[in-house]
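Here the protein sequences come in this chain order: L and R.
Numbering follows the UniProt record's numbering, with no gaps: position 286 of the first sequence is 286.
Numbering follows the UniProt record's numbering, with no gaps: position 305 of the second sequence is 305.
These notes are about the structure you will find just below.
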Amino acid sequence: MNADRLRATFPDYGGQLRDVFVQEARDAVTVPASDVLGPDLAASMPHDLYSHQATALDALARGEDVCVTTSTASGKTLVYALEIARQHLRDPDSTALLLCPTKALSRDQRRALSELYDTLGLDISVRVYDGDTASEAKRDVRRTADVVVTNFSGVNAYLPQHSQWARVFGDCATLAIDEAHAYSGVHGMHVSWVVRRLRRVLEHYDADPSLVLTSATIGNPAEHAKTLVDGDVTVVDDDGSPRGRREIAFWRPPGEGEARRSASAEAADLLAHLGTNGTQTLAFVGSRRMTELNRERAKRAATRHNMGRLRIESYNAGHTKRDRRATERGLKDGSLDGVVTTSALELGIDIGSVEATLLSGYPGSRQSFWQQLGRSGRGTGDALSVLVGRADAIDNYVFANPGYVLGEDVVEDAVVDRSNNAVFARHLLCAAHELPLTHDDERWFGERLAPAVEMWRKAGYLTGTLDTGVIYDRRDRPQSSVSMYASGGDEFVIRTPDDVDAALEPVGRARAYREYHPGAVTLHRGQQFEVVGFEEEGHQPRIDLEPVDVDYYTQTNHATRIGNLDSERSRAFGDYTLHWGSADVTVHYDTYTRKSIATGESLGAPQPTGLSPLSMRTQALWLAVPESERARLGQRHGVDSPDVAFQGAQHAAEHGIIKLAPLECTLDKSNLGGLSALTHPELDSPGIFVYDGVEGGLGFSRKLYDRFERVAANTRTVVESCGCEGTEGCPGCVMDSQCGSGNSPLHTDGAVDLLGTVLSGAESVDDPTETDD
Amino acid sequence: MPRPATVLALPSRLAGRLSPSELADLHAAAAPDAVLVPERVYAPGRFRPPESEVPILTPEGEIHAFGDVTLGTCATLDEVRRVADVAREEAGESTAYLATELLAVETDPMELDTRLDGATAYREALGTTGTDGDAAFVHLAASVPADYRREWGGLDVQGLAPVETQGAPAAPVLSLHADGTVAVEEIRTDRLGLRALSGVGDSRATTLARAGYDRASLAATPPHELATLEGFGRASARTVVRSAQALERGEVLRTGDAPLPADPVFLDIETDGLRPSVVWQVGVLFRGDYRSFLARDPEEASGMLGAFLDWLAGVDGTLVAWNGWGFDFPVLDDHVAATHPDRQEVWRQNTKCDLLAWARDEENAVLPGRTNKLEAVASALGYEGHDTGLTGAETARRYRAWMDGGPEPDWERHRAYCEDDVRMLAHVFDAVAATDRVASSIADRTTDETGDTRQGSLSEF
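Quick look at the structure:
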């Protein structure tokens, strides 16, 4: 199937296909295996190596550490797989550690490596060791495995028992980090310190393994790898793998304005059409719920259009391992025509070759966009990718400016902040718990070692001196207070009646409130369930589901509030006042709406969920905006509806500040949250709030407070000089894919005016752009 | 040795969570001279059992004396001024204790800084004459966890707040000595009343209490009667009743067949902390002969361990330690590996037995004692040790201080502490070994046979 045929055959075609872009095929560049590998290994290799694999293996042979960053399905795994094989032939006792970002991927990579070593006739045992490994098996893995596949949360937890790992650590010749681009933002911060702690313990056992990182295409592979592993790595990015011809179709659902058909409904029809026409398709959607919903919609569409039998399945992290494995197998062996998935299948789970990918809306980052597209067309077969546009501002922008996603060198950087003292100090405690700290550890922890040790000594957590060894001095394990994913909280188990064959994975608290409140109707692999029990008290929070058969699904509505402001610092900017301190951010999933499965229309008035708000105490900065400015900005930028224009100005300024925050502190903008209030009861005036999206805060908003002049000036410059038309902005300036209010209202001129006024009130404006204006 | 003052620190938010029977249990376990409540109190009955007249001390600017120990409580700087003056006179040359809410340890990880908030004003109010013989103070800070002790520019700060242990708060019991030594014992509040029994958590405790059981009545209840309650099966009912019997009667109950080692080598080690950088004392008791291996200097620790291994090579017995697999054995394993890698294999081949794990995890016996701590079990079995005023944490702290240039520890006291622990272990072991599978009371066993205070040979390094 290609774009032309899709246009010709799609039922009810009405001009949806807006653009087709073509990526031409590329031939493979290969190197004979014998040029790179020793004769034993080369002889058993069934094929040549791609040039990038050869380059990486040569660099490793020279003793360099490498980061391989080439396209999806270009055989990055083979680099560390062969390095491990080489080390094994050199020393049969040698071991390797492979770190994967998800447990699912760990199992997939274990299979891939085991199959390869079978092919090569090598007796290398590859075992997974993580939270799902049976406790009986763990000891055996530690004693006998040659390659241990695990994840960084696991390493954080296992490091204190390093003596049990003495064999694996002591003989470790290869440390491989798969999908390294996944370690960005707060998670990346934690991982970068876990890597240092791991390398420190490896060194204690006299191991100095070579490092192999693999990464999807990111803007800053060398810098990212260096930050992550604390050392220079050789970047290998000259892709030698072949590629088929790929068509990227931009597809607009029919209708105009409010009447425009939803992208997900349209994507379901496309999935049904492609799937029943023999084109195996992977359809990406934005939420777990949507995977279930679109599975049903596509089936109905196939029936409606008499397309024939459509064999599809949903896929998301809420499904059990067994169910997910079955779906992956179905894709591989061709017994499924299609799968509707969340980004869970964006990472390198092996699903064989899919002919088409469908994106239900722009996924929010160019990196995800390319990852998802790349899941179709493995090998040299032609591939089709369809981006179905949503009726929102960002998708509109992408359709009008395809160069934004298709241009050269446009992929985002992965950002990891090692300067954050709070996270650093937490991992230093762990390190002291693992092995006594001495002056030598400056090598891993830098100049902050001594002051941080002194802080923890005074606080009663550490004891001893760096001369004789600093040890951890409390009973609890510091590792358990490391929240690797910045999303702590209790897990809810989900129970279904015994006679129902359905198993759901536990969910975190936020998701439980959002998707499993009492009365919620949820789909799971084609079966509808209603939440009939929601028990939060007690040892194990739980949710009870009952099967139902209704023609609607539910959607939760929420309100975000910020309050209990406790200002610790403040500065005046003319009549504006900037504060930094702590605040409660409260998300209340207060009501839900029933929506028709067929049409997506609301059925009746919103119903109360009966749940209390979810609250988090964190750090925030807030700009108190004087009432006089509300009147002035409103009148000046929106004569008909001054408050809308004013709110648009505040909202756009807030988005702009958050979007440009990564320039000031290394963070992922998703680690910040924001809110603009027309009247905030505690300020008794309008206000703009930017807060750390992590319980307790991590100092992001503090840095923005300290450097507010620069942040405000940068934001004003970017918004003012953006080439977008009108005053609603674009993803390049103030639109944000994570905005809770659909990027409305936004007013760029108002934001420039507001920020300019704030800056004119600053005592001295330090213009970061160093230009006269 | 002068008698210390035993103080139970019980903030009202913790007291409010205890049922009357749990409160009574806590008092029975702590046997305090006083209850220290770090806030104003309107209903003292919430802090002590109805029949008890233990004084409830609240921050009201008063001075109390318990034996040789002077303890003041103060909520304001004025009270600090007044109480400090009086305490100086009363305490004479010994240390006086001041309980206060005015000092707080605040950590700011963003700035990599820890401060003692309130210190400046407090220091000023305290005043110091600076003359010789001026009383020393230890300041009991209400907001600081009880396992905290540190000197802050002349202010000796000891914590008083409950410490969380595995998610449950533990009530601190502080033994305040006149020489400034504070030994802290923590009593987990989720191990009081019915919850002290094996197999009884929150929900079973509620079920049992609703059905009208307490520990004493459970000890006399046939297990099949409990098996009808919700959440109980036959096995769990038997465990609960046995545990109640053990606890109420001070008995060991054998529940499994696994034999105990025939020729035990009782062992205890002293280190510089829970994740130690050094093992500086090893105490062993073999066929009635106690031996201590001690490294006064951390540099000698390797030689000390070598001598211990030499001695062990000449002994044909099984090493027995309390919670040995949780601490002593893996710690020794790590340190043998680090200092004598060539002897690790021999060390590993030595047979080892963790008496606690043998009883509790392998279900060979139900032990009396409110907790699984050796002290609690041994004391329930009638052991009377020698109060050295030390705890494991305190010995570790003093050794660390010595390593870091502080005062030289009283080695004899540390040696006696380690020996007492080893003999305690032997006492429990003998009590278990003397019990066959039919329950037999040992509450009235004499303790003479293990009350040997003979000095063991002391090897030094």
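Beta carbons are placed, not taken as given, at the ideal position from N, Cα and C, and that holds for glycine.
Keep in mind it's a predicted model, so treat the numbers as computed, not measured.
Proline 38/R is outside the set of residues whose beta carbon lies under 8 Å from a beta carbon in chain L. Separation of the CB atoms of arginine 82/R and glycine 61/R is rounded to 6 Å, and the pair is thereby assigned contact status at 8 Å. Using a 10 angstroms sphere on the CB of proline 222/R, the tally of other CB atoms stays under 16, which defines it as exposed. The C-beta separation of valine 236/L from threonine 95/L comes to about 24 Å, leaving the pair out of contact by the 8 Å criterion. Its chain contains Ala85 and His88 as the residues whose beta carbon lies nearer than 7 Å to that of leucine 122/L, once the 5 sequence neighbours on both sides are disregarded; these appear in chain order. By a beta-carbon distance limit of 8 Å, isoleucine 688/L does not contact leucine 755/L. Their separation comes to about 10 Å. Shown here, proline 478/L sits in a helix according to DSSP, grouped into three states.
Look at proline 608/L here: in three-state DSSP terms it is strand. In terms of Cα proximity to serine 175/R, the closest of Leu140/R, Ser198/R and Gly154/R is Leu140/R. Straight through space, the alpha carbons of proline 44/R and serine 701/L are spaced by roughly 46 Å. Taking a C-beta distance under 8 Å as the contact criterion, phenylalanine 529/L and threonine 496/L qualify as a contact pair.
Of all alpha-carbon atoms in Phe137/R, Gly385/R and Arg238/R, the one lying nearest the alpha-carbon of threonine 95/R is that of Phe137/R. Each of Leu113/L, Asp4/L, His637/L and Gly469/L was checked against the Cα of aspartate 350/L, and the nearest Cα belongs to Leu113/L. Contact check for leucine 704/L and threonine 560/L: beta-carbon distance about 19 Å, past the 8 Å limit, so the pair fails to qualify. Counting only the Cα atoms, valine 149/L lies some 16 Å from serine 135/L. The C-beta separation of glycine 256/R from alanine 365/R comes to about 7 Å, placing the pair in contact by the 8 Å criterion. Of all residues in the stretch 446-471 of chain L, only Arg448, Pro451, Ala452, Met455, Lys458, Ala459, Gly460, Thr463, Gly464, Thr465, Thr468, Gly469 and Ile471 come within less than 7 Å of chain R when Cβ atoms are compared, listed by chain position. According to DSSP, residue pairing for histidine 524/L in a beta bridge involves Gln527/L. Closest option to proline 261/R, judged by alpha-carbon separation, among Val86/R, Thr76/R and Val432/R: Val432/R. Per the coordinates, the alpha-carbon of aspartate 736/L lies some 15 Å from the alpha-carbon of valine 718/L. Pairing alanine 25/L with arginine 197/L gives a Cβ-Cβ distance that is not under 8 Å. Alanine 178/R carries a coil assignment under DSSP once its states are collapsed to helix, strand and coil.
Assignment of leucine 60/L by DSSP, reduced to helix, strand and coil, places it in the helix class. According to the DSSP assignment, lysine 352/R belongs to the beta strand (DSSP E) that extends over 352-354. Under a 10 Å Cβ-count criterion, leucine 358/L is classified as buried, with 16 or more other Cβ atoms of the shown protein chains found around its own Cβ. Only those residues of the stretch 257-284 of chain R whose C-beta falls short of 7 Å from the nearest C-beta of chain L are listed: Asp272, Gly273, Leu274, Arg275, Pro276 and Ser277. Alanine 356/L and phenylalanine 250/L have their C-alpha atoms roughly 14 Å apart. Close CB contacts of leucine 347/L within its chain, under the 6 Å cut and outside five residues either way in sequence, are with Leu105 and Glu179 (chain order). Residue range 328-339 is occupied by the alpha helix (DSSP H) that includes aspartate 333/R, with no beta strand (DSSP E) assigned at that position. Taken in chain order, the unbroken stretches of alpha helix (DSSP H) that lie wholly in the stretch 370-400 of chain R and span 4 residues or more are 374-380. If you look at alanine 176/L, you'll find it in the beta strand (DSSP E) that goes 172-177. Glycine 750/L sits close to alanine 645/L, with the two beta carbons spaced by under 8 Å. Of all residues in the stretch 149-176 of chain R, the ones placed with a Cβ closer than 9 Å to any Cβ belonging to chain L are Arg149, Arg150, Trp152, Gly159, Val163, Glu164, Thr165 and Gln166, in chain order. Residue pairing by DSSP places glutamine 161/L opposite no residue, since no beta bridge is assigned to it.
Look at arginine 400/R: its C-beta is under 8 Å from a C-beta on chain L. Distance from the CA of glycine 185/L to the CA of alanine 661/L, rounded to the nearest whole angstrom, comes to 12 Å.
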